[in-house]
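Those letters in the sequence shown? Residues 0 to 512, per numbering that gives the first Met the number 0, in order. Built from N, CA and C at the ideal position, the CB exists for glycine as well. To start, the structure itself, in structure tokens.
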Amino acid sequence: MDKDVDFDVAVVGCGPVGALAANLLGRFGLKTVAIERAAEPFPLPRAVHLDHEMMRLFQAAGVAERVSPDVRDTDGHLHIGADNGVIRYMGTVGRPRPFGWSNDYFFYQPELENHLRGALAELPTVSLRLGTEVVGLSQDDDGVTLQIRDAAGDAVARARWVIGCDGARSTVRKLLNVALEDLDFEEPWLVVDAEVDGAVRFPPLTGVPDDANLQKLSVMMCDPVRPCTVVPGRGNHRRWEFMLLPGEDDATMMQPESVSRLIDPWLSGVPHRIVRATTYRFHGLVAKAWHVGGVFLAGDAAHQTPPFFGQGMCHGMRDVANLAWKIDHVARGAAPLALLDTYQQERDPHVRAVITAAVDAGRYICMLDAAAAADRDAAMRKREANGAATSTAADLIPPIRDGVVAGPSVGERFIQPRMGDGRLLDTVTGGGWRLFTTGSPAGAGLPDAIHAFDVTALDDGGAVQAWLSARNATAVLVRPDFYVFGLAAGDLTALIGEWSHRVIGSVPIGVAA
């Protein structure tokens, strides 16, 4: 590290994504500064949904115990057609939890940000600069210079790398002159948050599965009169999202009388308090470059996803989890700088796959023609009956097909069973590179960076061994971000050789040996 670099990493933006990035980097021992323009967390709810993978990342960052008391375990997603009948059910009741956590949780963003920021105080290598704005940046061969401004005036911060987690209007993205690719979806919606002391009232619905508790489901009403979503927040927080119809004015629809008219069918006679009502444009956008020199974009700075499966914030957290371990490897000299080139290579297809699914859902949800909506309902019910629909929202996440993986047939998320004592697999085995085998790997010549575990000695009820058997494998190598690097059946030589090529870099990253 060059002597004039003050930090290994500067994280710009300390919302949930930036705060998770700083926690992960701090856990690696990297000298990190988190720079946030606002002096206090935004006091109102914005993002509301996270999934099992985010809870696993909180677990890895050492913050799961802080966060878990303030999230609400829910039952998935239900889509209702124009005739008030079910057209799609992505429920999770009674389903296995192979990743250790529930599929869906709802949370209150100010609480989550406070938990994540509070954890930074326990990391000696992390500094938090609130009320500080980035106003310029420049790069040279040794790192990045940030021009920053706070109440005391202008100053300079130096870092080897910068991660821009500063939202949809990202200053970092603008300073890099990175354009956004428009994926051709934009719809105006009114978002209403309320504190509700009682059950939300739904119209009579048909075809609702017996295990569907409407108070614990995200319910999408695909009504051509006015599409809307009802979201179960944590505690007594509830959210409604109402599509604005052609000709409706944003300012008018945010007025109390308009909000009351829309919300009354759901809450008439139920004590409640409106917390916020504001309009948004739901977009599908992806940055054309996620990485310029030593500066990376993550979260809404890199992509914006329609919210129909609640994956917007989750995308950003996957971004920084993907990036943090790679920066750590390069900073320690354990991998070449080229490893960082795999960031966009891996994450861009992931994001596009989910945005495509969300845009497709948005197109059928936002259908305003009654006849077309009736045809849609019939087609979707046929699809559900044939088993062609996605089982849960979590199943939308595809494997990593190219990058730091040993070929296109791997790259899925690895399971995390609970042990007999109730602890989760990652807690028992630790993080980093983990090799799980059906026998002792002694004599395999493993690099020091890879920690090996005999699955027959795991008190997991045989879950990992069954996972391997289902893939005709005797060993699996898992990445630090819990995605599968590669499999082996018997001899480990080829798998470890491929790891050396892809990670240590004896051949160019992304090129098969």
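Under the three-state reduction of DSSP output, A378 falls in the helix class.
Taking 8 Å as the cut-off, the Cβ atoms of V16 and V319 count as close. Straight through space, the alpha carbons of H450 and G406 are spaced by roughly 21 Å. Apart from sequence neighbours up to five positions away, the residues of its chain that approach H271 with a beta-carbon distance below 6 Å are A193 and V195, ordered along the chain.
Contact check between the stretch 59-72 and the stretch 201-208: fewer than three CB pairs, one atom from each, fall below 8 Å, which does not count as touching. Pairing L423 with L434 gives a Cβ-Cβ distance that is not under 8 Å.
Each of G206, E112 and R412 was checked against the Cα of P42, and the nearest Cα belongs to E112. Non-local beta-carbon contacts of V358 in its own chain, meaning distances under 7 Å to residues more than five positions away in sequence, involve L182, F184, G283 and P305 in chain order.
Below 8 Å, too few C-beta pairs join the stretch 86-106 and the stretch 239-247 to call them touching: fewer than three. The beta carbons of V161 and L136 sit about 7 Å from each other, so the pair counts as a contact at 8 Å.
In the DSSP assignment, Q303 forms a beta bridge with L284. Linking V133 to N321 through their CA atoms gives a straight-line distance of about 24 Å. Every alpha helix (DSSP H) of 4 residues or more that sits fully in the stretch 165-222 is shown, in chain order, as 170-175. Between A300 and C164 the beta-carbon gap is near 6 Å, inside 8 Å, which marks them as a contact.
A direct Cα-to-Cα measurement between Q138 and L145 gives close to 9 Å. Per DSSP, T428 lies in no beta strand (DSSP E); the unbroken alpha helix (DSSP H) holding it starts and ends at L424 to T428.
In this structure the stretch 210-221 does not lie against the stretch 148-157, because fewer than three pairs of beta carbons, one per stretch, are closer than 8 Å. In the displayed model, V92 falls within coil according to three-state DSSP, outside both helix and strand. Its Cα nearest to that of F307, the residue A360 stands out among H314, A323 and A360. With a cutoff of 8 Å on beta-carbon distance, G142 and G12 are scored as not near each other.
Closest option to G14, judged by alpha-carbon separation, among V8, K30 and A46: A46. Per DSSP, the beta bridge partners of D50 are D103.
In the three-state reduction of the DSSP assignment, G311 falls in the helix class. Under the three-pair Cβ rule at 8 Å, the stretch 398-413 counts as touching the stretch 477-484. Taking the Cα positions, E411 is about 19 Å away from L338. Assignment of beta-bridge partners to L434 by DSSP yields A451 and L476. Per DSSP, the continuous beta strand (DSSP E) segment holding D149 begins and ends at G142 to D149. When rounded, the separation of the alpha-carbon atoms in D74 and M54 is 16 Å.
Burial is judged here by how many other beta carbons sit within 10 angstroms of a residue's own beta carbon; P40 has at least 16 and is buried. With contact defined as three or more Cβ pairs closer than 8 Å, the stretch 24-38 and the stretch 115-131 are in contact. Between the C-alpha atoms of R237 and I273 there is a straight-line separation of about 10 Å. The shortest C-alpha to C-alpha distance from H76 to any of T91, R280, V32 and D347 is the one to T91. By the neighbour-count criterion, in which 16 or more other beta carbons inside 10 Å mark a residue as buried, T473 falls on the buried side. Ranked by Cα distance from P398, the first of E186, R346, D447 and D263 is R346. When D394, A487, S126 and A150 are compared, the shortest CA-CA separation from S408 is found for A487. Rounded to the nearest angstrom, the gap between the Cα atoms of V269 and R225 is 22 Å.
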